[in-house]
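In the working numbering, the protein residues as written are 6 to 224.
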Amino acid sequence: MIPTPDLSHLTKEDYKHVYEPAEDTFILLDALEQDADYLKSLNPRLCLEIGSGSGCVLSFLGAVLGSTSALYLGTDINIRAAQATVRTGLQNKVSTSALVTSLYEGLEQRIKHQVDVLVFNPPYVPTLEGEASVAQDGRDIAGAWAGGTDGMAITDQLLKNVGGMLSPRGVFYLVAVKQNDPEGICVRMRRTQGLDGEVILKRRAGGEFLHVLRFRRSE
């Protein structure tokens with residue numbers, strides 16, 4: 006069993022601005038560990054986490070893959086989160102980098118068909134219409150959870166471009182809740198991106214029914 010990354014360097018003050026790992030984080034860690042042999046077989050060169058927050062997931066992915074020359078890159082709209090991602094990498098001896106940007110803005114050409122492992126635990130909580138964009142504009146902790154009317158406002162922006170980001174052997178992990186319609190997401194990704202998707206893990210956590218979806222190119 007791979008231990009959860011050491012986050013003892015992060016303080017209560019950090020968590021006022023950066024999303025603290027919770028059940029949605031931990032189900033994603035479990036899914037990555039469950040796929041450890043598969044992920045190692047990819048021999049990834051570029052691992053990208055959109056919305057890297059505390060850096061917990063990206064550092065865990067580094068532990069899953071072990072000794073490798075992969076680049077671990079996180080992006081986050083929140084500068085405090087980007088800083089936390091780098092600090093967590095250092096704390097756990099994983100060489101992480103972080104870029105302050107929305108989704109992957111500014112990286113479009115550099116990562117085109119280059120991402121071997123893509124991870125996104127998005128702001129999926131259904132909120133009032135327009136609240137997601139307001140939260141993103143605020144570039145603080147609300148941007149980590151406010152997902153708009155159906156919880157898909159931010160996720161939808163990424164999903165339409167995933168096929169162009171993944172390498173030929175690339176894999177994409179996405180966290181979703183029942184209200185996001187995980188099965189519908191899989192159908193849409195097959196139709197629009199040519200990616201086969203499946204729910205590889207699901208778990209109830211309080212009032213949420215969490216899912217981890219995995220997408221790969223059709224064989």
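All residues carry an ideal CB built from backbone N, CA and C; glycine is no exception.
Quick caveat, the model's predicted, so the values are computed rather than measured.
(message) On a Cα-Cα basis, can you pick out the residue from 159, 176 and 25 that is closest to residue 53?
(response) It is 176 whose Cα lies nearest to the Cα of residue 53.
(message) Once DSSP output is grouped into helix, strand and coil, what is the label at residue 86?
(response) Looking at residue 86 - three-state DSSP - the assignment turns out to be helix.
(request) Would you tell me roughly how many angstroms separate the C-alpha atoms of residue 206 and residue 218, rounded to the nearest one? (result) Rounded to the nearest angstrom, the two C-alpha atoms are 7 Å apart.
(request) Report yes or no: do three or more beta-carbon pairs, one from the region 162-179 and one from the region 6-23, lie closer than 8 Å? (result) Contact between the region 162-179 and the region 6-23 is absent, because fewer than three Cβ pairs lie under 8 Å.
(request) List the endpoints of the continuous alpha helix (DSSP H) containing residue 64. (result) Start and end: 61-70.
(request) With DSSP as the reference, label residue 210 as helix, strand or coil. (result) The three-state secondary structure of residue 210, taken from DSSP, is strand.
(request) For residue 195, I'd like the list of residues in its chain whose CB is within less than 8 Å of its CB, leaving aside the five on either flank, ordered along the chain. (result) Only 201, 202 and 223 meet the Cβ criterion.
(request) In the DSSP assignment, find the alpha helix (DSSP H) that holds residue 40 and state where it starts and stops. (result) For residue 40, there is no enclosing alpha helix (DSSP H), as DSSP gives it neither H nor E.
(message) Going by DSSP, what residue range makes up the beta strand (DSSP E) through residue 103?
(response) Where residue 103 is concerned, the enclosing beta strand (DSSP E) stretches over 101-105.
(message) Please report the straight-line C-alpha distance between residue 174 and residue 79, rounded to a whole angstrom.
(response) Residue 174 and residue 79: Cα-Cα distance of roughly 20 Å.
(message) Tell me the residue span of the alpha helix (DSSP H) that contains residue 189.
(response) That run of the alpha helix (DSSP H) goes 187-198.
(message) Pull the bridge partners of residue 80 from the DSSP assignment, please.
(response) Its beta-bridge partners are 55 and 104.
(message) What residue range does the beta strand (DSSP E) around residue 121 cover?
(response) Counting along the chain, the unbroken beta strand (DSSP E) around residue 121 starts and ends at 120-125.
(request) Please look up how many angstroms separate the CB atoms of residue 122 and residue 63, rounded, as I've assumed it's under 8 Å. (result) That pair is no contact at about 10 Å.
(message) Taking DSSP's pairing of strands, which residues face residue 182 in a bridge?
(response) Beta-bridge pairing by DSSP links residue 182 to 215.
(request) Helix, strand or coil for residue 111, going by three-state DSSP, please let me know. (result) In the three-state DSSP reduction, residue 111 falls in the coil class, being neither helix nor strand.
(message) Does residue 10 come out as helix, strand or coil in the three-state DSSP assignment?
(response) Reduced to three states, the DSSP call for residue 10 is coil.
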